[in-house]
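In full-length UniProt numbering, the protein residues as written are 1 to 840.
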């Protein structure tokens, strides 16, 4: 007998230390999934459809920790939907145009496509190894002519609707490299290639008229509350920047004796009495048109100086104020005073007419400028604070109007809304202005003077003007340029490609030129989610019926860094396509999840800081499942993750422990669990029930914690409870396997197979829950004396506070802890807590 027991002990020890071959399991199931193809979405499936989407990557190299986190979180959602019985569209592709590929081509003397598609294949292999449930039959690349043909088609349709147009606008210009620079290529005011100070140059460029949709972009956010992060909605609302105010007409008195009227938008027409000067953006056309002859040279020098500054620098509140008196005056329409007109760089050319009325007492930048150039400061709203003229601090709050036209004006009034209404009515009555709504949002500049982008399908003809490339000639394909062809030559690479740019006009046949700009890559990513619904469709950008079946996207997952531009432009595209009758929804993404950032030792990962973490090395050391589990378990999805605080080794140890369960079950597959251990069945069903609720609430980390608890309970049942043959043990092990499949697909498949089931566990179906097993027969109530636990009582879940207090006070351990001391207070939180507070 003793020898037998020793043998049993040895076998148990062997089981407890058994491990699976991580690398071997990964190789096995990678091959199996290719044959099984469990995640290809069926357009004709009768099952309810769900569309899961994660923001597609740029192919700049192999996957990194950020990709690992966002796709792991996203995959939990997609796999959960499959288990719940939905037909899930979960596609992936690449946002493959862009400047990095062009720069790499110049460095390596190759075509940008070489760099781009090599990196795509590297990332594709890594995505597959990472065990993600993407439908690879719908893979797309925005740099494929089959894709950008339809980007060009959409551009032309937008243009037909008056939503695409050209106008002059300033660009960053490197005088040495003779090239236009993107904002990200300007570092501290200098070219990142050669270090030359960057200037501004005027170019005629293409815009989308996104401002036509400003109000709809605001209004349609209302239904997104609760399903989009509130901070994203706030960022978009602020970017759109709706404000109500008035357009006010100022008469400008020019040096030649003529008068010109200029409209100025203000949200505070009630402060007009305090407008003591006007400011015009020095680079606005208005400044050049009105500057007095004797000030032109000074203005030109100032213009050259400010062209080196970015818009962000110009708007900085702590920037030293500079300016030039334009030598003209304007009449304040409510006071009749002549006020000077200045050019200053803190006003931007694309804000309205490029002119503002300056009220220095109540705007800090105006006040700083007035103090610098000794201009008048007049307080017109008394907020109870000290006079700004004396303190140098502008007052922006509400208060009582002063110095505002006496009894016939606003003096004595303290209602801002009434003051605005009164002044606006006066301006309208006198024909000097009118109430207006304004938006901070500006039209979308989409022209890029680069090669590796979608060509703009327009031909410029001296006789016909702008001519659209005929639809049957789309796509306008990029020429075969590489390396030296892409280096700066004073014009864009496409403009220098004479064989490509020189064509005959499709309308009149005379020699003409193609548009040599390419489109902003945000255009490519503003509609890709629609193409996924029918990626091989050849009669349009997408099959309208396919989009009706799948759209809109049910869950979008991606970084908060795209909170404004990408998401705003995608929303704009969707609204235009709705107006064109091509989609039947007005918002592209029904729900949005922003994941946090993976950092290390409290800082963003960086080679220069020496805190970078290689995803490849982590995967090689711990395996895919352990890394995925670690990232999901680290905390709520939206929180940042510090890799230094995490333990992929601990995750691997847990996965090995879970795997061992599947080898210990001895009851046959398909056995009825109803006769199994009730206590373990309660834990299993409660875990499955809670997991579904937690997954719906995107509390993925808590789901992992519940699975860990179920693994522990099942191990305890096997080793010291009902034993491995009990049907409840099989039921628990199978539930563990299905829940783990959302996070750790490799070990889950291996467990499912060991439990006697055919793959794939990803399509096994969500475990059913017996509602009767969710009813708790008893709960454990903790009894504390002076905050220290002295007893635990098993009580009914619906025990009253009085009965729970009585039971606690009658407990022997509690009585011993009181030791005759008087009880000052008993705090009862039925059914789980009693806290006894004793007297002094």
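For each residue, glycine too, the CB sits at the ideal point set by N, CA and C.
### Message
I need the boundaries of the beta strand (DSSP E) containing residue 561, first residue and last residue.
### Response
No beta strand (DSSP E) contains residue 561, which DSSP labels as neither H nor E.
#### Entry: Which of helix, strand or coil DSSP assigns to residue 63
Residue 63 sits in coil when the DSSP states are folded into three classes, being neither helix nor strand.
### Task
Quick one: grab the DSSP three-state call for residue 321.
Of the three classes helix, strand and coil, the one that applies to residue 321 here is coil, per DSSP.
### Cutoff 8 angstroms; reference residue 638; Cβ partners in own chain excluding five residues on either side
Excluding residues within five positions, the ones whose Cβ falls inside 8 angstroms are 229, 593, 594, 595, 596.
### Query
So residue 666 and residue 725 are in contact, right, with Cβ under 8 angstroms, and what is the actual spacing, rounded?
The C-beta separation of residue 666 from residue 725 comes to about 5 angstroms, placing the pair in contact by the 8 angstroms criterion.
### Task
Please report how far the alpha carbon of residue 838 lies from the alpha carbon of residue 747, in whole angstroms.
Each residue's alpha carbon lies about 53 angstroms from the other.
### Message
For residue 163 and residue 624, I'd like the C-alpha separation in whole angstroms.
### Response
Their Cα atoms are separated by approximately 47 angstroms.
#### Entry: Spatially closest choice to residue 522 from 252, 148, 47, 82, by CA coordinates
Of 252, 148, 47, 82, the residue nearest in Cα terms is 148.
#### Entry: Identity of the residue in 390, 256, 655, 117 nearest residue 737 by Cα
Out of 390, 256, 655, 117, 655 has the C-alpha closest to the C-alpha of residue 737.
#### Entry: Unbroken stretches of the alpha helix (DSSP H), 4 residues or longer, contained in the region 233-308
285-290, 296-306, all fully within the region 233-308.
### Task
Using beta-carbon positions only, say whether residue 279 and residue 432 come within less than 8 angstroms of one another.
Taking 8 angstroms as the Cβ cut-off, residue 279 and residue 432 do not qualify as a contacting pair.
### Task
Could you pull the start and end residues of the alpha helix (DSSP H) that residue 527 belongs to?
Careful: residue 527 lies outside any alpha helix (DSSP H) and carries neither H nor E.
### Message
If distances are taken between C-alpha atoms only, which option among 121, 123, 157 comes closest to residue 579?
### Response
For residue 579, the closest alpha carbon among the candidates 121, 123, 157 is that of 157.
### Message
Comparing C-alpha positions only, which one of 285, 334, 387 sits nearest to residue 348?
### Response
Minimum Cα distance to residue 348 is reached at 285.
### Proximity of residue 359 and residue 274 at Cβ, strictly below 8 angstroms
In this structure, residue 274 lies closer than 8 angstroms to residue 359 by Cβ.
### Query
Between the C-alpha atoms of residue 513 and residue 506, what's the straight-line distance to the nearest angstrom?
Taking the straight line from one Cα to the other gives about 11 angstroms.
### Query
How long is the line joining the alpha carbons of residue 404 and residue 342, rounded to whole angstroms?
Cα to Cα, residue 404 sits roughly 24 angstroms from residue 342.
### Query
If you drop the 5 nearest sequence neighbours on each side, which residues of the same chain put their C-beta closer than 7 angstroms to that of residue 543?
Correct list, in chain order: 533, 534, 537.
### Query
Just the Cα atoms here: how many angstroms apart are residue 292 and residue 464?
For residue 292 and residue 464, the gap between their C-alpha atoms comes out near 38 angstroms.
### Query
So, is residue 575 buried or exposed, given that buried needs 16 or more other C-beta atoms within 10 angstroms?
The residue in question, residue 575, is buried, as its Cβ has 16 or more Cβ neighbours within 10 Å.
### Query
Going by beta carbon distance, what residues of the same chain come within less than 8 angstroms of residue 167, once the five residues before and after it are set aside?
The answer, listed in chain order, is 204, 205, 207.
### Task
With residue 858 as the anchor, note down where its alpha helix (DSSP H) starts and where it stops.
There is no way to answer for residue 858, as the model of the chain reaches only from 1 to 840.
### Task
Would you kindly work out how many angstroms separate the C-alpha atoms of residue 77 and residue 633, rounded to a whole number?
Rounded to whole angstroms, residue 77 to residue 633 spans 14 angstroms at the Cα level.
### Message
Tell me the residue span of the beta strand (DSSP E) that contains residue 206.
### Response
Unbroken beta strand (DSSP E) run through residue 206: 199-208.
### Task
Answer with buried or exposed for residue 252, where buried requires no fewer than 16 other C-beta atoms within 10 angstroms of its C-beta.
Residue environment analysis places residue 252 among the buried positions, since at least 16 neighbouring C-beta atoms fall within 10 angstroms of its C-beta.
#### Entry: Inter-residue Cα distance where the pair is residue 792 and residue 46
Computed Cα separation, rounded: 52 angstroms.
### Query
Helix, strand or coil for residue 225 per DSSP?
Strand at residue 225.
### residue 150 in three-state terms, based on DSSP
Here residue 150 sits in helix by DSSP.
### Message
So, under 8 angstroms CB-CB, residue 380 and residue 367 are touching, yes? Tell me the CB distance rounded to an integer number of Å.
### Response
Not a contact, Cβ separation roughly 13 angstroms.
### Task
Please determine, among 530, 606, 244, 584, the residue with the shortest C-alpha to C-alpha distance to residue 437.
Answer by Cα proximity: 244.
### Message
If you reduce the DSSP assignment to three classes, tell me which class residue 589 lands in.
### Response
Strand at residue 589.
### Query
Under a Cβ-count criterion, where at least 16 other Cβ atoms within 10 Å of its own Cβ denotes burial, should residue 7 be classed as buried or exposed?
Unreliable placement is indicated for residue 7, whose pLDDT of 45 sits below 50; the coordinate value is still reported in the next sentence. Around the CB of residue 7, fewer than 16 other CB atoms lie within 10 Å, so the residue is classed as exposed.
### Task
Buried or exposed for residue 520, please, with buried defined as at least 16 other CB atoms from any protein chain shown within 10 angstroms of its CB.
Taking all protein chains in view, the Cβ of residue 520 is crowded by 16 or more other Cβ atoms within 10 Å, so the residue is classified as buried.
### Message
I want to know whether the region 311-322 touches the region 258-268 - three or more CB-CB distances under 8 angstroms.
### Response
Short answer: they don't touch.
### Task
Report the residue from 571, 334, 294 whose alpha carbon sits nearest the alpha carbon of residue 276.
That would be 334, whose Cα lies nearest to the Cα of residue 276.
### Message
Here's a check: name, in chain order, each residue in its chain whose Cβ is nearer than 7 angstroms to the Cβ of residue 833, leaving out the five neighbours to either side.
### Response
Excluding residues within five positions, the ones whose Cβ falls inside 7 angstroms are 781, 782.
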